[in-house]
Every structure is written in C-alpha cells, then in structure tokens.
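Trainee: Can you keep this structure in mind? I'll have questions shortly.
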Amino acid sequence: MSRNCKAIAAVCAAFLLACMTALILRASYPRPYRSAVEASGVPPSLAYAVMKAESNFREDAVSRAGAVGVMQIKPSTAEYICRKRGIPYCAERLTDGEYNAALGCMYLAYLLERFSDERTAVCAYNAGEGTVKSWLARPACSQDGRTLSDIPFPETRAYEKKVENFRKIYEILY
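Position one of the sequence shown corresponds to residue 18 (our numbering), numbered consecutively onward.
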C-alpha cells in the first residue's frame, strides 16, 4: 500500500471514529420533551443539563425530599408554578415526562427571572429559592448580593458544576 493510500485510510479511520464517538455521546445526552423545552424560553442546553443532572431523564425518579420526575420538581413547587402561570395542576401527571419537563422548565425560567445570574438560578433550583436568597445576603457568599462567590452547601456546589459541565457537552454536541 502506498504512502498516500495509508494516509487516506488513516484520515478515513479517524473520521469514522469521530462520527461514532459523536453518535455514542448523543445517545448519552438526548434531547427529549423538545416542545416543552422550546416553549419555556430556557436555553435548551441548560434545560437538558438540568434534566440529566436531576434524573438522567428518568420519568419515574423520586428523591428522598419528594421531588418527582425528569426535572425532580416537588409537588408543592409544581402547584405554585401552575398557579402562577394560570394552568391546571395535576399531581398524577408529575411522572409524565412532557408535563414534568414543562413545569420544571417553567420553574427554571422563573428562577432565571428572579436571579440576575444563571449560576445563582441553577443553585436555587437545587437548594431552594429562599436558601439562595439567604446566601446572597451574606458577604461571605456574595459581594454584590446578586451573584454567588461561594456556595456553602457541598451538594449544591457539586450540582452547579455538574449542570455546567453537562451544559457544555450539550452545546458542543448540538
């Protein structure tokens, strides 16, 4: 085999490997519930990163704290968002992926409006709005009262980093 043929074969093999890797990664980072995500106004890469971090897209996921579904939304939070948006609340549908994604994205959109910083909103999705407000009031956690310079809960710190990493992967893949 000539040197040119070997080079072409190597380039083709590298291209095929890259394509296979992208296909495998896309299977691990899906984009379900697109209509709910797109209707929410939340950046899709962020919505999918939250779903992946919260439940890895498991519709039947239930946390120790009682959060339910793909976006791990608590029934009380779901009911609050429904009331705020003037839509019917149906507790039985919280394990329906499309419904859960819609409510979770509405809640995430609400937090993005409440907090000027996206990272802070993601922390509020995990730790709760009231908890994050109390952190923002502490100079050790926030110098400006709007953004977090320190996240006191290790779980929330790890969660925020995980969402950030998943979001980067979604942005690269899609």
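C-beta: ideal position from N, C-alpha, C; glycine also.
Assuming Ala126 contacts Gly58 (C-beta within less than 8 angstroms), just tell me the rounded distance between them.
Mentor: About 6 angstroms; that satisfies the 8 angstroms criterion.
Trainee: Do Ser62 and Glu188 have their C-beta atoms closer together than 7 angstroms?
Mentor: Contact: yes.
Trainee: Do Ala44 and Cys122 have their CB atoms nearer than 7 angstroms?
Mentor: No, the Cβ-Cβ distance between Ala44 and Cys122 is not below 7 angstroms.
Trainee: How many Å lie between Tyr65 and Pro47 at the Cα?
Mentor: Spanning the two alpha carbons is a distance of roughly 8 angstroms.
Trainee: For my contact list, Cys140 and Glu177 are in at a C-beta cut-off of 8 angstroms; report their separation, rounded to the angstrom.
Mentor: Contact holds; Cβ gap of about 5 angstroms.
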